[in-house]
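>
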Amino acid sequence: MSLPMLRASRALSGADMHAESHAGAYADSCSSAGRVVARGAFARFATTLALTGALFASLVASPAVDAKTAQPKPVLDASAVATPDRYAADAAQQMFAAGGNAVDAAVAIAFTLAVTYPDAGNIGGGGFMTVYMDGKPYFLDYREKAPQSATRDMYLDDKGNVIKGMSLVGHRAVAVPGTVDGMWEAQKRFGKLKWKQVLAPAIKYATDGFPVEPWLQKRREFAAQNFGGKTNFDAYFSNLKAGVVFRQPELAQTLTRIASDGGREFYEGQTADLIARQMYGHGLLTKSDLVQYKAVWRQPVTASWNGYQIVTAPPPSSGGIGLIQLLKMKADLKPQFDGVELNSEPYIHLVSQIEDRVFADRQQYMGDPDSYRVPVDKLIDDAYLAKRVEDITPDEVPGAVPVKPGLGDSMPEKAQTTHFSVVDKWGNAVSNTYTLNGPFGSGVVVDGGGFVLNDEMDDFEIKAGVANQFGVTSGDVNTIAPGRRPLSSMAPTILTKDGKVSLVIGTPGGSRIFTSIFQVMTNLYDFNMPPADALAAMRFHHQLLPQKTIYFEPYHPIDGELAEQLKTRGYTLQGQTFNGDVQMIRIDGTTPQPAADPRGVGVGRVIQ
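Everything in the sequence shown is counted per my numbering, starting at 112 for the first residue and increasing by one.
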């Protein structure tokens, strides 16, 4: 269907979309369930929708793959997913039933979460996807970018001080979204089903609605308090209340346009016009920024560890490098860890000293590889990491000697997040982490589009030495520049052995992302825990700054004798509200074992 036809008859296109697609929206589910202005449009939309229900059902049920094409022989007993909510798992199951592979399921999940998990799932944000397809690793960078009119000091006042909240709330916090182009590129390259098919579940949930659970209402209330009425967030999400069937007709229409006209519609079509109109006079993002945006296929970072091959995120993520450094340095300290009980005081102390060194390197060397030559190979080199841990001892006093970057002080030469894991029965895998940054992003909803825009500009170094919302600084390699991608901690990771997938894992959590993944992997492989126990075990976090501070979580707090021991050592303990929502799939022989973090509401599901 052409764009003019869509403009002329939105109700018809909405019905057609529902018939043609069945996907999961990577959008940000920011449509109005309670807007008076949308109710009449939705009524017309629903009437037309009823006429096309049969066509919709037939499209979802029938594979788009040519029946004459020989299907590869399955190598696993089943497919599996680990997703943040049940709707996304349902969308994946529909894709597998239609003959789709791991990428089809992943794209359907991403779009569905944009509807049903709107505080983090999105089409107005960006992220990273690690893919293992037909025995080969791939990495897709669809991270957001700074608009062309962005400047280094754009969040400072005339005295050089940071303007509080400007990089977090409102139009000026918004970077160019990458999610839709990322899903479009992944589906074009590896998907087996039609584009409209993978979008269909998301469109259905946006159109028909889904019942809101109490946890989502609480997240909406928290975000609304942060936005303080400075954006149009409440106009779209005030009805996101427990027990309400939340419908998003504007978002449904947006997803229908994308389904009908392809992923570039978001950047060049009517949706792009709606974004540009929303930003005009308030923010920096223009239609030209959208037209110029392209997701990038990059070489994943790979490393050998413990008999496995790690496949993870390269820059502009710091998470992949940080994860490899943590795993390798802990292995180098095996004599010190031998006989040390998991999550005991000496264990936490040793891990914290490793984390100091990882975050020192992160701050100094990591940024957008299109702007700087990040010394990836040097940072994960075995000899370098062995040298980095030479001065770590069980008796080291926290903070007594400042931890510096390990490659010297010279800069490299110029040159709310959610996660899901997917494995198909043919042995292909997708690990995907994507984000709006903060809960519900900037709080700005695209009028007429029904989706939230990110606040990703806060991930840049706003001012030297001033931390972002996760308490992390990143140095001159991550300053604001036109078209630059901000540094991230996202680390969608796949572990392989002898060319076969062994583990698919990832999590949201800002700077806690790779420390959370590290702890779960350590639980699995060093302490031989089953997946559910590995996820449920206590997690802690330390990140160089603030010095001597260990963060603990409400799910499994550090208290009692352990807390006193750490304080005696010289640490300050600080509670945090969140320490990851890990979604993982371990492969045991030919059996996938999906597991969802008990800290969240996710679903691990085996799909025959």
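Each residue gets a CB set at the ideal place from its N, CA and C atoms; glycine is no exception. Here the structure is a predicted model, which is why all the values come from computation and not from measurement.
Between residue 341 and the rest of its own chain, which residues show a CB-CB distance below 6 Å, the 5 nearest in sequence each way excluded?
Taken in chain order, the residues that qualify are 280, 281.
> With the cut-off set at 8 Å, would you say residue 427 and residue 597 are in Cβ contact?
Yes; because the gap between Cβ atoms is below 8 Å, this pair is in contact.
> Take every Cβ of the stretch 285-292, pair it with every Cβ of the stretch 401-413, and state whether three or more of those distances are shorter than 8 Å.
With a cut-off of 8 Å, the stretch 401-413 and the stretch 285-292 count as touching, because enough Cβ pairs lie within range.
> Please go through the same chain and pick out, in chain order, the residues whose beta-carbon is closer than 6 Å to the beta-carbon of residue 568, but skip the five residues on each side of it.
Answer for residue 568: 278, 284, 286, listed in chain order.
> From the DSSP output, in three-state form, read off residue 391 for me.
Here residue 391 sits in coil by DSSP.
> For the stretch 589-608 and the stretch 541-556, state whether three or more C-beta atom pairs, one from each stretch, are separated by less than 8 Å.
They touch, by the three-pair rule.
> Taking three-plus beta-carbon pairs below 8 Å as touching, is the stretch 501-518 in contact with the stretch 453-465?
A contact exists between the stretch 501-518 and the stretch 453-465.
> Please classify residue 501: does DSSP put it in a helix, a strand, or coil?
Here residue 501 sits in coil by DSSP.
> Could you check which residue in 198, 359, 248, 204 has the C-alpha nearest to that of residue 611?
Comparing Cα-Cα distances from residue 611 to each of 198, 359, 248, 204, the minimum goes to 248.
> Roughly how many angstroms separate the alpha carbons of residue 515 and residue 475, rounded to a whole number?
Cα to Cα, residue 515 sits roughly 9 Å from residue 475.
> May I have the straight-line CA-CA distance separating residue 450 from residue 457, to the nearest angstrom?
Distance between the alpha carbons of residue 450 and residue 457 is about 10 Å.
> Name the residue from 691, 183, 673 whose alpha carbon lies nearest to the alpha carbon of residue 455.
Closest by alpha carbon: 673.
> Looking at residue 223 and residue 713, is the spacing between their C-beta atoms short of 8 Å?
Not closer than 8 Å, so no.
> Which stretch, first to last residue, makes up the alpha helix (DSSP H) that contains residue 735?
Since the first and last residues shown for the chain are 112 and 719, residue 735 lies out of range.
> Using the rule of at least 16 other Cβ atoms within 10 Å of the residue's Cβ for burial, across every protein chain shown, is residue 393 buried or exposed?
It counts as exposed.
> Measure the C-alpha to C-alpha separation of residue 471 and residue 320 and round it to an integer number of angstroms.
Approximately 46 Å, taken between the alpha carbons.
> Any contact of the stretch 640-648 with the stretch 618-628, i.e. 3+ C-beta pairs under 8 Å?
With the cut-off at 8 Å, the stretch 640-648 and the stretch 618-628 do not touch.
> Taking only runs of the alpha helix (DSSP H) that begin and end inside the stretch 450-522, which ones reach a length of at least 4 residues, in chain order?
Counting only runs of 4 or more, we get 456-476, 487-490, 493-499.
> Are the CB atoms of residue 482 and residue 334 within a distance shorter than 8 Å?
No, they are not a contact pair.
> Quick one: residues in its chain with C-beta nearer than 6 Å to the C-beta of residue 653, no 5 flanking neighbours on either side, listed in chain order?
Once the five neighbours on either side are set aside, the close Cβ partners of residue 653 are 463, 466, 661.
> Apart from the five residues just before and just after residue 243, which ones in its own chain have a Cβ nearer than 7 Å to its Cβ?
So the qualifying residues of the chain are 422, 539, 540, 605, 607, 612.
> Can you tell me whether residue 352 is helix, strand or coil according to DSSP?
Three-state result, residue 352: coil.
> What is the C-beta distance between residue 603 and residue 565, in whole angstroms, given that I count them as a contact (C-beta under 8 Å)?
Wrong, their Cβ atoms sit about 18 Å apart, outside the cutoff.
> Helix, strand or coil for residue 255, going by three-state DSSP, please let me know.
Reduced to three states, the DSSP call for residue 255 is coil.
> When burial is assigned at 16 or more other CB atoms within 10 Å of the CB, is residue 484 buried or exposed?
Exposed is the call here.
> Kindly indicate which residue of 468, 337, 218 has the alpha-carbon position closest to the one of residue 555.
Of the listed residues, the one whose Cα sits closest to residue 555 is 337.
> Could you give the distance in angstroms between the alpha-carbon of residue 703 and the alpha-carbon of residue 214?
The alpha-carbon atoms of residue 703 and residue 214 are separated by roughly 17 Å.
> According to DSSP, is residue 312 part of a helix, a strand, or is it coil?
Three-state DSSP puts residue 312 in a helix.
> Quick check on this structure: which residue in 348, 219, 317 has the alpha carbon closest to the alpha carbon of residue 363?
For the residues 348, 219, 317, the minimum Cα distance to residue 363 belongs to 317.
> Since residue 232 and residue 529 should fall inside the 8 Å C-beta cutoff, what is the C-beta to C-beta distance between them, to a whole number of angstroms?
About 6 Å; that satisfies the 8 Å criterion.
> Please report the Cβ distance between residue 601 and residue 238, rounded to the nearest whole angstrom; I am assuming they are in contact, meaning their Cβ atoms lie under 8 Å.
Rounded, the Cβ-Cβ distance is 6 Å, consistent with contact.
> Using a Cβ-Cβ cut-off of 7 Å (strictly less than) and excluding sequence neighbours within five positions of residue 727, which residues of its own chain qualify?
Lying outside 112 to 719, the shown extent of the chain, residue 727 is not represented and no answer is given.
> Can you tell me which of 699, 663, 480 puts its alpha carbon nearest to the alpha carbon of residue 685?
Among 699, 663, 480, the Cα nearest to that of residue 685 belongs to 663.
> Ends of the alpha helix (DSSP H) at residue 432?
Residues 430-443.
> Residue 553 by DSSP, collapsed to three states: which one?
Three-state DSSP puts residue 553 in coil, outside helix and strand.
> Could you please give me the residues that DSSP links to residue 244 through a beta bridge?
Its beta-bridge partners are 247.
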